[in-house]
Amino acid sequence: MKTAKVISLSLPPDMEKEVQKVAKEEHRTISELLREAFRQYLANRDLAAIRKEGRKIAKKMNLKPEDVNKIIRESRK
207 MKTAKVISLS LPPDMEKEVQ KVAKEEHRTI SELLREAFRQ YLANRDLAAI
257 RKEGRKIAKK MNLKPEDVNK IIRESRK
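Its first residue numbered 207, the sequence shown is counted upward by one per residue in the numbering used here.
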């Protein structure tokens, strides 16, 4: 039973060379490298969504960045 699906990806020649170089330097396959890149992309996207929601809440509560930092410090005590 297959555990992975093969997909096709187009890259500009310079990027493809860089991908090959990094994969070789890290002793990883190109697939492993690109899977990790996609995991990082998803994590960054999730963090951006959290930041956006946090800004919305802070604006609604009329909080400034320094207020948020103070609340965080106090909650960690």
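Ideal Cβ placement from N, Cα and C applies to all residues, glycine included.
Tell me whether residue i sits in a helix, a strand or coil according to DSSP, three-state version.
i, result
"Met-221", "helix"
"Ala-254", "helix"
"Ala-243", "helix"
"Ile-263", "helix"
Between which two residues does the alpha helix (DSSP H) holding residue i run?
i, result
"Arg-234", "Element bounds for Arg-234: n/a, residue is neither H nor E."
"Asn-275", "271–281"
Compare the C-alpha of residue i against each of the options and name the closest.
i, options, result
"Glu-210", "Lys-258, Glu-222 and Glu-238", "Correcting the residue type first, residue 210 is Ala in the shown sequence and not Glu. Of Lys-258, Glu-222 and Glu-238, the residue nearest in Cα terms is Glu-238."
"Glu-222", "Leu-240, Ala-254 and Met-267", "Leu-240"
Quick test of your reading: residue i and residue j, contact by CB under 8 Å. State the CB separation rounded to the nearest angstrom.
i, j, result
"Gln-226", "Ile-236", "7 Å"
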